[in-house]
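The listed protein sequences derive, respectively, from chains A and B.
UniProt numbering numbers the first residue of the first sequence as 1 and each following residue consecutively.
UniProt numbering numbers the first residue of the second sequence as 1 and each following residue consecutively.
By construction, the Cβ of each residue, glycine as well, lies at the ideal position given by its N, Cα and C atoms.
Number of protein chains: 2
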Amino acid sequence: MQPKEILKEHVSKTITLTDEQFDYFFSHFTYKTFKKGQTIIGEGDKVDCEYFVLSGYLKSFFINDDMKMFILQFAMPTWWASDYNALYSGERATVNVDCITDAEVLCLTSQDREKLCREIHEGEHFFRWRTNKGYVATQKRLLSFMNNDAKHRYEELLAQYPTLYNIVPKQLIASYLGVSRETLSRLYHS
Amino acid sequence: MQPKEILKEHVSKTITLTDEQFDYFFSHFTYKTFKKGQTIIGEGDKVDCEYFVLSGYLKSFFINDDMKMFILQFAMPTWWASDYNALYSGERATVNVDCITDAEVLCLTSQDREKLCREIHEGEHFFRWRTNKGYVATQKRLLSFMNNDAKHRYEELLAQYPTLYNIVPKQLIASYLGVSRETLSRLYHS
DNA sequence: TTATTTATGTGACCTACATCACATTTCAGG
DNA sequence: CCTGAAATGTGATGTAGGTCACATAAATAA
Numbered sequence: 001m002q003p004k005e006i007l008k009e010h011v012s013k014t015i016t017l018t019d020e021q022f023d024y025f026f027s028h029f030t031y032k033t034f035k036k037g038q039t040i041i042g043e044g045d046k047v048d049c050e051y052f053v054l055s056g057y058l059k060s061f062f063i064n065d066d067m068k069m070f071i072l073q074f075a076m077p078t079w080w081a082s083d084y085n086a087l088y089s090g091e092r093a094t095v096n097v098d099c100i101t102d103a104e105v106l107c108l109t110s111q112d113r114e115k116l117c118r119e120i121h122e123g124e125h126f127f128r129w130r131t132n133k134g135y136v137a138t139q140k141r142l143l144s145f146m147n148n149d150a151k152h153r154y155e156e157l158l159a160q161y162p163t164l165y166n167i168v169p170k171q172l173i174a175s176y177l178g179v180s181r182e183t184l185s186r187l188y189h190s
Numbered sequence: 001m002q003p004k005e006i007l008k009e010h011v012s013k014t015i016t017l018t019d020e021q022f023d024y025f026f027s028h029f030t031y032k033t034f035k036k037g038q039t040i041i042g043e044g045d046k047v048d049c050e051y052f053v054l055s056g057y058l059k060s061f062f063i064n065d066d067m068k069m070f071i072l073q074f075a076m077p078t079w080w081a082s083d084y085n086a087l088y089s090g091e092r093a094t095v096n097v098d099c100i101t102d103a104e105v106l107c108l109t110s111q112d113r114e115k116l117c118r119e120i121h122e123g124e125h126f127f128r129w130r131t132n133k134g135y136v137a138t139q140k141r142l143l144s145f146m147n148n149d150a151k152h153r154y155e156e157l158l159a160q161y162p163t164l165y166n167i168v169p170k171q172l173i174a175s176y177l178g179v180s181r182e183t184l185s186r187l188y189h190s
């Protein structure tokens, strides 16, 4: 399937655009490819894009002072990724985004997103709903963090995204769950 | 300050509306008062409103199977509160909202919010940005949960919201931080 | 293929925080 | 102003999960 079709199908789940409107919408995106391991957003960068994943897997993550990594999100096809704090506030990136596998993405600059939101009311609607879904999902994850132990969170993750298990190194799964890789290893060998 | 002025000042930080537009916007809100301890949204309720706090303090929280409480958010004046999952999905409430103190709020039904978003482009813009801020804040809190220990999170909370310390029972602060009340007590007596 | 890194498994031990028990203080209602 | 009910403090003890150390396996480069 073509990038344009993938995006169209995704957007159509929330809003209805005429073909002309969608052509215009799509014209603001730039197609890019990245290699496995490549950095898309690095800490300290100026952030001006968000990324719509066409193929492959990204991760957005934070590195603390002890060089320990915490994964905020895995991004799979039709998901969006960026450092949304930096993107909306204009501050430098504190969150990194890089490629777990080779990946194809569509880039949308913050400027163009705001332009599209201004020019196409439905576009603004789309981005409101997308953000809202992200908000609710993050809140659920926060609750799960407070409420459940590591084993429970591990099972939850696998139930929700079975594909991750085969594609993503266990280290990264551990970083997502907020446990050490040793603990994760013990969890699923029991 | 009047409810209308409080909301206007709040909304003006993100968007510009003419007086007529704002009058129309405001006409969709309903003023309500609640007593300390009163439930605004209870688990299992049908949720059709979100609440803009004019005065007082609310909390939104989740109760797990062991009857343990987890606080998602304290809502203070000019903050919004609801069960946003239930509100957007139409499902029953899993998150409760109640009053820590006597409170005045403005209620906006989900229907009216969507109506306003449809009729006033700037309105949609406002709600998109508000949600985005919530999203980023929740993501930061999630990171803090993974990264920092209870003491660090405690100091972070007090630095950000010093007023909470005097108004909100320590139990609730503990529930927000995700530690037992005993542990919290030990943290700040050392 | 082999060499060299990088990911994973597993034991021993440590620590932050939970839980339970009970004392003490604070507060709201009569 | 008293009185019972919450809220808070504090000790003793348990446990999930961290950290360190090293073995093994898998992936990537040469």
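8 Å Cβ cutoff, residue i in contact with chain B
i                : result
Met146 (chain A) : yes
Tyr84 (chain A)  : yes
Phe62 (chain A)  : yes
His10 (chain A)  : no
Tyr88 (chain A)  : yes
Met141 (chain A) : Checking the sequence, you will find Arg at residue 141 (chain A) rather than Met. Chain B, which has a Cβ nearer than 8 Å to the Cβ of Arg141 (chain A), makes this yes.
Phe127 (chain A) : yes
Which listed residue (the options) has its alpha carbon closest to that of residue i
i                     : options                                : result
Pro169 (chain B)      : B:Leu143, B:Arg181, B:Ala159           : B:Arg181
Phe74 (chain A)       : A:His189, A:Asp112, A:Gln160           : A:Gln160
Phe62 (chain A)       : A:Ser190, A:Leu187, A:Tyr176, A:Ser185 : A:Tyr176
Ser190 (chain B)      : B:Lys35, B:Asp98, B:Thr30, B:Tyr154    : B:Tyr154
Asp48 (chain B)       : B:Gln21, B:Arg113, B:His10, B:Ile6     : B:Arg113
Val11 (chain A)       : A:Cys99, A:Tyr31, A:Phe22              : A:Phe22
Asp65 (chain A)       : B:Asn148, B:Thr109, B:Ser185, B:Thr163 : B:Asn148
Lys8 (chain B)        : B:Thr39, B:Leu106, B:Cys99, B:Gly44    : B:Leu106
Glu5 (chain A)        : A:Thr39, A:Gln111, A:Pro77, A:Phe34    : A:Pro77
Gln2 (chain A)        : A:Glu104, A:Leu72, A:Gln171, A:Val136  : A:Glu104
Ala137 (chain B)      : A:Leu72, A:Trp129, A:Gln111            : A:Leu72
residue 197 (chain B) : A:Gly90, A:Met69, A:Arg130             : Residue coverage of chain B in this structure runs from 1 to 190, which leaves residue 197 (chain B) outside it and unanswerable.
Residues near residue i in its chain [Cβ-Cβ closer than 7 Å; skip 5 each side]
i                : result
Tyr165 (chain B) : Leu158
Val179 (chain B) : Ala150
Lys46 (chain A)  : Arg92
Leu187 (chain A) : Ala150, Lys151, Tyr154
Pro25 (chain A)  : Position check: residue 25 (chain A) holds Phe in this sequence, whereas Pro was assumed. Around Phe25 (chain A): Leu17, Leu116, Ile120, Gly123.
Arg35 (chain A)  : In the sequence under discussion, the amino acid at residue 35 (chain A) is Lys, which differs from the Arg named in the question. Excluding sequence neighbours, Lys35 (chain A) sits near Cys99, Asp102.
Gln171 (chain A) : Arg181
Counted within 10 angstroms of its Cβ, other Cβ atoms place residue i as buried (16 or more) or exposed
i                     : result
residue 197 (chain B) : Here chain B comprises residues numbered 1 to 190, so residue 197 (chain B) is not present and cannot be evaluated.
Lys59 (chain A)       : buried
Asn85 (chain B)       : buried
residue 202 (chain B) : Outside the shown range of chain B, which is 1 to 190, sits residue 202 (chain B), and nothing can be said about it.
Gln139 (chain A)      : buried
Gly56 (chain A)       : buried
Gly134 (chain A)      : buried
Tyr31 (chain B)       : exposed
Arg118 (chain B)      : exposed
Met146 (chain B)      : buried
Cβ shell of residue i (< 6 Å), same chain only, five flanking positions each side left out
i                : result
His125 (chain B) : Ile15
Trp79 (chain A)  : Val53
Val95 (chain A)  : Ser60, Phe62, Asp83
Ala81 (chain A)  : Tyr51, Leu58, Ser60, Ala75, Val97
Phe29 (chain B)  : Leu106, Leu108
Lys13 (chain B)  : none
Thr33 (chain B)  : Glu104
C-beta neighbour in chain A for residue i, strict 8 Å
i                : result
Asn132 (chain B) : yes
Leu116 (chain B) : no
Arg181 (chain B) : no
Glu124 (chain B) : yes
Val47 (chain B)  : no
Gly178 (chain B) : yes
Val136 (chain B) : yes
Leu72 (chain B)  : yes
His121 (chain B) : yes
Same chain, Cβ closer than 8 Å to residue i, five either side skipped, listed in chain order
i                : result
Glu122 (chain A) : Ile15, Thr16, Leu17, Gln21
Ile173 (chain B) : Tyr154, Leu157, Leu164, Tyr165, Leu184
Ile167 (chain A) : Tyr57, Ile100, Thr101
Arg128 (chain B) : none
Please list the segments of the beta strand (DSSP E) lying wholly inside the region 66-113 of chain B, counting only runs of 3 or more residues, in order along the chain. 69-75, 96-99, 103-109
May I have a chain-ordered list of the beta strand (DSSP E) segments no shorter than 3 residues that lie completely inside the region 2-56 of chain B? 30-34, 39-41, 49-55
Sequence ranges, alpha helix (DSSP H) only - wholly within the region 157-182 of chain B, length at least 4: 164-167, 170-177
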